[in-house]
Amino acid sequence: MKHKKHDEASSIAVIHSARSNQPLVAVSTDVCDLHGYRWSATPMQYLEAAVEGAGVFPVLVPSLGNRLDFDYLLGSVDGVIITGSASNVHPLLYGGDGSEANGPYDRARDSTTFPLIKTAIEKGIPLLTICRGLQEMNVALGGNLATEIHELPGILDHRAPVSDSRDQRFAIRQNITLKPDGLLSKILGTDLAKVNSVHRQSIDQLGAQLEVEAVAEDGTVEAVSVRRASAFALGVQWHPEYWVKSDEHSARIFQAFGDAVRVHADERMNAV
């Protein structure tokens with residue numbers, strides 16, 4: 097019966113891809129308490145970047161963990177975006193300090209994004225992970241994280257500048273060096289770039305399947321890709337979604353992801 101359900105999902109996705117220039121892309125959500133209700137939600141800036149930067153149709157995935165059929169979901173979409181968030185990956189997932197000082201946490205999100213990431217990689221579904229999403233990808237693939245990195249010797253303060261202006265907090269201000277001939281350097285067409293920086297944590301030990309694509313001036317890992325991935329699989333520590341309409345490098349990341357999504361949609365349609 098399960099196989100029939102998966103076949104139906106694939107058929108629906110193929111019909112959608114054939115009729116639309118906006119293939120479906122699954123987008124992670126945070127658990128939020130608002131107006132007396134508990135919500136699964138994501139900031140609009142990610143959804144707008146998905147539509148306008150990548151040209152895809154974003155579909156929110158509720159943070160319901162193992163109650164969701166991830167195989168079925170990823171038989172119905174042609175890409176996955178794991179967003180940033182104000183919350184952090186729970187340190188118990190990588191043997192770290194789970195005190196509230198390293199929070200806030202969102203265990204429901206963790207239980208949903210980890211299988212989303214691993215299943216997307218296994219199935220060759222294009223994957224873009226941003227900020228917390230990059231950290232989730234690293235932990236899901238066996239790596240760990242350093243917390244409160246601004247307190248570590250020799251490490252720059254990667255947190256957002258203190259300001260009432262969101263544009264100032266997300267300002268492009270940090271230099272990074274890209275791996276020559278890496279996935280990201282090919283996308284951006286350069287080995288040097290400037291990005292924004294809005295994080296307190298970073299990759300410490302790299303996940304076994306990952307490859308470093310870019311580092312900051314202090315050596316902090318700023319981007320990774322999945323080694324020998326069968327589809328686009330990129331994670332960035334910064335926030336290209338914020339400036340996708342005005343910054344060329346931000347736009348190129350979403351364009352490359354959208355192109356990979358459309359290739360996947362076309363391949364699936366042609367396979368039927």
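Numbering of the sequence shown is given in our numbering, commencing with residue 97 and proceeding in unit increments.
Just so you know, even glycine gets a beta-carbon here, dropped at the ideal spot from N, CA and C.
Of all alpha-carbon atoms in I251, G220 and F266, the one lying nearest the alpha-carbon of P257 is that of F266. 8 Å or more divides the Cβ of V147 from the Cβ of V357. Bounds of the alpha helix (DSSP H) holding T215 are R203 to K219. L130 and S207 have their alpha carbons spaced roughly 21 Å apart.
Contact check between the segment 301-308 and the segment 247-262: fewer than three CB pairs, one atom from each, fall below 8 Å, which does not count as touching. For P158, the CB contacts under 7 Å within the same chain, skipping 5 residues up- and downstream, are T125 and S136 in chain order.
For G132, the secondary structure class from DSSP, reduced to helix, strand or coil, is coil.
In the DSSP assignment, T225 is bridged to I178 and G331.
Partner residues in the beta bridge of Q270, as assigned by DSSP, are V291. Counting along the chain, V317 sits inside the beta strand (DSSP E) bounded by residues V317 to V322. Of the other Cβ atoms in all chains shown, 16 or more fall within 10 Å of the Cβ of G175; this residue is therefore buried. For the 8 Å CB-CB criterion, L288 and L330 do not form a contact.
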